[in-house]
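Numbered according to the numbering used here, the sequence shown spans residues 2 to 534.
To start, the structure itself, in structure tokens.
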Amino acid sequence: MRQALSDCRRSASVYRLRRAGGRDGEDGEVSGRGGRIPAFSGRRADVTDIEGLWARLERSDPEGRLSPLGMRRVEIREDALELLPECVSELLGSGRPEARVLLVTDSTRIMRAGEDLKERVWRTLSGIYAGAEWVVVGTGHSRLHADEEAIGEVGAAVAGAGGVLADCVVVVGSGTVTDICKVAISRTGGDAPLVVVQTAASVDGFSDDVSVILKNGVKRTVPSRWPEVLLADLTTIVEAPREMTAAGYGDAISMYTAPADWRLASVLGLDASYHPAPVEMLLEGGPDVIGAAEGLGRLDPDAMEKLVRLLALRGIASGVSGSTAILSGAEHVVSHMLDLHAGQTKTPPGIHGAQVGVASVAVAAVWQTLLEGLDPATVDVEGCFPEAEEMEPVVRDAFIGLDPTGVVGSECWSDYRQKLSRWHANRGRFEAFLESWPDYREELGRLVAQPEDLALSLTLVGAPARFGELSPLVSPDTVRWALLNCHFMRNRLNVVDLLYFLGWWDSGFVERLLRRVDGHSRAAVENRDGSTP
């Protein structure tokens, strides 16, 4: 086995985290500030044991702050598809051959063991339920988006032409069509149970209770609903395009940057939703996937199952947290900025997870810079609190080149000004943060991986590790724009916001950051190619 992977696995097993929130765990060693691969040393959570998972979370949540887990069943196995009739029957109750079961898919053909998967699902459902219907959403479009048109199309199908709501909805396909279904069902006001058939290890949105939709050209996360059942059919998933698996891995490693952003926002008084239990549960599964990076590069079934399990756990962790902040920090905002640019310029969009993976390397480097370079004695606190009158034109100007109408700028300013207002209201928290910086540096550093380790793991998987490797190719100017202005897009505070308020985040910083990311990527390739026994 390659030494690079051995090193990656060793760092995953040796460097332990104490419990989130800075409290010592019952066991496990700590690497010191900025451990290489963060991990908790507790027993791995079994995402297919829903009752056990929730019981564990309840024990860690005596104040009852976590949101209820609304899923009933998660199956991750080679033959998960075979369980579809049983699952639908359990949700509907037996003896209902007349039930209106709605199958929702997009138009992408998906094969399973040489057979058209969606056709097979349709034959199964229509052979059991006389009221079965099949809706293919987004036909006539080159790429499906979770926009109002698509949501309305599925919503109309769920409601039914005669106002007879669907008794059950089965969605087969991508994270996008799954998000569309979750929103559409929640908007109908009905209680039709939802069964998700996952066909690729591409995103974590199959197992959460929110959806990412397009609003005024900007990606926004909105509440939707849990699926009752998730069937992750490994036979289908292993056959999915390689870039989908690489994207899923890229999405997954945001767990090594996003929780730190979430904790930072909590410490600074801008996010009261932070809870250590979901973070601990999530990071327990991280080393398994980091260690499986090389296997994922070979599309090894065992490695694939580990990734699918982690992605499902990520979705559940987000849902019970009541916030996507546990999974989505600055790295996701950078990806959303790239998507925004593609949408406004009518250029082909990139793959979400691939963008997130590269951005995670960059954000880990940003965190590294903060952890190593912040000296509270040099901070001009007064200068860290710009007024809204100063910031509004800055935010609007960041987007005017993309959208001369100003609609996108207005959408982003409406979110940013809320964040800015909360930042001003919590000035005392920031001052206390600076006074206790050594303690917070230790705690936050334990939640962040080293950027070179993330770059290496992405390279072993076969995923992009720097922005220049993304496909479709993203121009260097677009990357610079996305990084430089990413903190203006969202109302949640992350590490880039802090660096901006400190006066660090400017075009020069971004240039140096990009050089670091490129250096980590090149070193990862050399490590991979030069370490074969």
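Positions of the beta carbon are idealized from the N, C-alpha and C atoms, including for glycine.
Residue i - DSSP class collapsed to helix/strand/coil
| i | result |
| --- | --- |
| residue 173 | strand |
| residue 74 | strand |
| residue 347 | coil |
| residue 449 | coil |
| residue 214 | strand |
| residue 490 | coil |
| residue 526 | helix |
| residue 64 | coil |
| residue 117 | strand |
| residue 414 | helix |
| residue 144 | coil |
| residue 103 | strand |
| residue 505 | coil |
| residue 482 | helix |
| residue 98 | coil |
| residue 242 | coil |
| residue 135 | strand |
| residue 272 | coil |
| residue 162 | coil |
| residue 386 | coil |
| residue 127 | helix |
| residue 227 | coil |
Close-in-space but distant-in-sequence residues of the same chain around residue i (CB under 8 Å, 5 per side omitted)
| i | result |
| --- | --- |
| residue 422 | 389 |
| residue 481 | 508, 511, 512, 515 |
| residue 300 | 239, 243, 246 |
| residue 345 | 218, 403, 404, 409 |
| residue 232 | 76, 81, 82, 84, 85, 88, 196, 197, 198, 199 |
CB-CB length for residue i against residue j, believed under 8 Å
| i | j | result |
| --- | --- | --- |
| residue 449 | residue 257 | 6 Å |
| residue 202 | residue 166 | No, residue 202 and residue 166 are not in contact; Cβ-Cβ is about 32 Å, not under 8 Å. |
| residue 326 | residue 493 | 6 Å |
| residue 209 | residue 224 | In fact, because the Cβ distance is near 10 Å, the residues do not count as touching under 8 Å. |
| residue 239 | residue 147 | About 26 Å separates the two Cβ atoms, so there is no contact after all. |
| residue 171 | residue 126 | 7 Å |
| residue 254 | residue 437 | With a Cβ gap of about 29 Å, residue 254 and residue 437 do not count as contacting. |
| residue 315 | residue 205 | 4 Å |
| residue 81 | residue 102 | In fact, because the Cβ distance is near 18 Å, the residues do not count as touching under 8 Å. |
Residues near residue i by beta carbon distance below 6 Å, same chain, minus five either side
| i | result |
| --- | --- |
| residue 289 | 307 |
| residue 145 | 107, 139, 177 |
| residue 22 | Low confidence applies here, because residue 22 scores a pLDDT of 33, under 50, leaving its location unreliable; read the following figure in that light. Same-chain partners within the cutoff: 277. |
| residue 311 | 253, 286, 290 |
| residue 128 | none |
| residue 48 | 75, 310, 313, 314 |
| residue 271 | 423, 494 |
| residue 519 | 467 |
| residue 99 | 131, 132 |
Rounded separation between residue i and residue j - CA only
| i | j | result |
| --- | --- | --- |
| residue 34 | residue 491 | Because the pLDDT at residue 34 is just 35, under 50, the model does not fix this residue reliably, and the value given afterwards should be weighed accordingly. One C-alpha to the other measures close to 28 Å. |
| residue 451 | residue 120 | 45 Å |
| residue 187 | residue 226 | 6 Å |
| residue 26 | residue 444 | Confidence is the limiting factor: at residue 26 the pLDDT is only 31, short of 50, which leaves the residue's position unreliable, though a coordinate-based value still follows. Distance between the alpha carbons of residue 26 and residue 444: 13 Å. |
| residue 428 | residue 434 | 10 Å |
| residue 207 | residue 335 | 22 Å |
| residue 530 | residue 461 | 10 Å |
| residue 379 | residue 150 | 52 Å |
| residue 24 | residue 61 | Its pLDDT being 30, under 50, residue 24 is placed unreliably by the model, and the measurement read from it follows with that caveat. Roughly 13 Å separates the two Cα atoms. |
| residue 236 | residue 181 | 25 Å |
| residue 221 | residue 215 | 6 Å |
| residue 386 | residue 248 | 37 Å |
| residue 468 | residue 250 | 16 Å |
| residue 329 | residue 260 | 8 Å |
| residue 304 | residue 153 | 38 Å |
| residue 533 | residue 333 | A caution first: residue 533 carries a pLDDT of 41, below 50, which makes its placement in the model unreliable, though a value can still be read off. Approximately 33 Å, taken between the alpha carbons. |
| residue 191 | residue 471 | 41 Å |
| residue 179 | residue 367 | 33 Å |
Cutoff 7 Å; reference residue i; Cβ partners in own chain excluding five residues on either side
| i | result |
| --- | --- |
| residue 321 | 58, 67, 68, 70, 279 |
| residue 396 | 410, 413, 414, 417, 489 |
| residue 275 | 263, 264, 267 |
| residue 477 | none |
| residue 400 | 409, 410, 413 |
| residue 506 | 497, 500 |
| residue 432 | 382 |
| residue 63 | none |
| residue 340 | 220, 350 |
| residue 156 | 185, 188, 189 |
Beta bridge counterpart(s) of residue i as assigned by DSSP
| i | result |
| --- | --- |
| residue 199 | 174, 233 |
| residue 460 | Partner(s): none; residue 460 has no beta bridge. |
| residue 112 | 117 |
| residue 222 | 213 |
Heavy atom of the ligand ATP within 7 Å of residue i beta-carbon
| i | result |
| --- | --- |
| residue 271 | For the ligand ATP, the structure offers nothing, since it holds no ligand at all. |
Proximity test, Cβ basis, 8 Å: residue i and chain D
| i | result |
| --- | --- |
| residue 186 | Absent from the structure: chain D. Only one protein chain is present. |
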